[in-house]
Amino acid sequence: MEIDKIIHEPARLRIMMILAGVEQADFNFLVTTLGLTRGNLNRHMEKLESAGYLKVKRSFKGKVRNTSYQLTQEGSKALAQYWENVDAVRRSGQP
């Protein structure tokens, strides 16, 4: 039972939890909700996307570029497994 280091980082865990509760979320919503800088959020999203945990959709609303994210099936499974592993570590008393 190994803790997923990609998800375990606090900002990425918060991102995953938000996305688990909605169909999709756009970049500006996540910046506002998480209180991260745009650059910092972008870096975290790149890591989650590289891991296959996020699906990214880029579009335009009028002339404004919009980027939205949703968890992939793999991301949902990874988050569920993360919580199972955290709970197993907690029950075992091991750090």
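Residue numbers 1007 to 1101, in my numbering, belong to the letters of the sequence shown in order.
Don't be surprised by glycine CBs; every beta carbon is placed ideally from N, CA and C.
Practice item. Check whether the Cβ atoms of Tyr1088 and Ile1013 lie closer than 8 Å to each other. Key: yes
Exercise for review: Could you check which residue in Gly1045, Leu1040 and Ala1026 has the C-alpha nearest to that of Pro1016?
Suggested key: Leu1040
| query | Cβ of Gly1058 within 7 Å of any heavy atom in the ligand MN? | reply | Among the ligands in the structure shown, none appear at all, so the ligand MN cannot be discussed.
Inset, instruction - Would you mind reading off the limits of the alpha helix (DSSP H) that contains Thr1038? - result: Phe1033 to Leu1040
I'd like to confirm the pairing. Which residues does DSSP put opposite Tyr1075 in its beta bridges? Ala1031 and Val1062
Among Thr1038, Arg1097, Val1028 and Met1023, which residue has its Cα nearest to the Cα of Leu1054?
Out of Thr1038, Arg1097, Val1028 and Met1023, the CA that lies nearest to the CA of Leu1054 is found in Met1023.
Enclosing alpha helix (DSSP H) for Ala1118 [first to last residue] | Lying outside 1007 to 1101, the shown extent of the chain, residue 1118 is not represented and no answer is given.
- Assigned exposure category for Arg1064 - 16 Cβ within 10 Å defines buried: exposed
Exercise for review: Hey, could you find the ends of the alpha helix (DSSP H) Gly1099 is sitting in?
Suggested key: That residue, Gly1099, is in no alpha helix (DSSP H); it is neither H nor E in DSSP.
Take Asn1072 and list the residues in its own chain whose beta-carbon comes closer than 7 Å to its own, dropping the five residues that flank it on each side. Asp1032, Ser1065 and Phe1066
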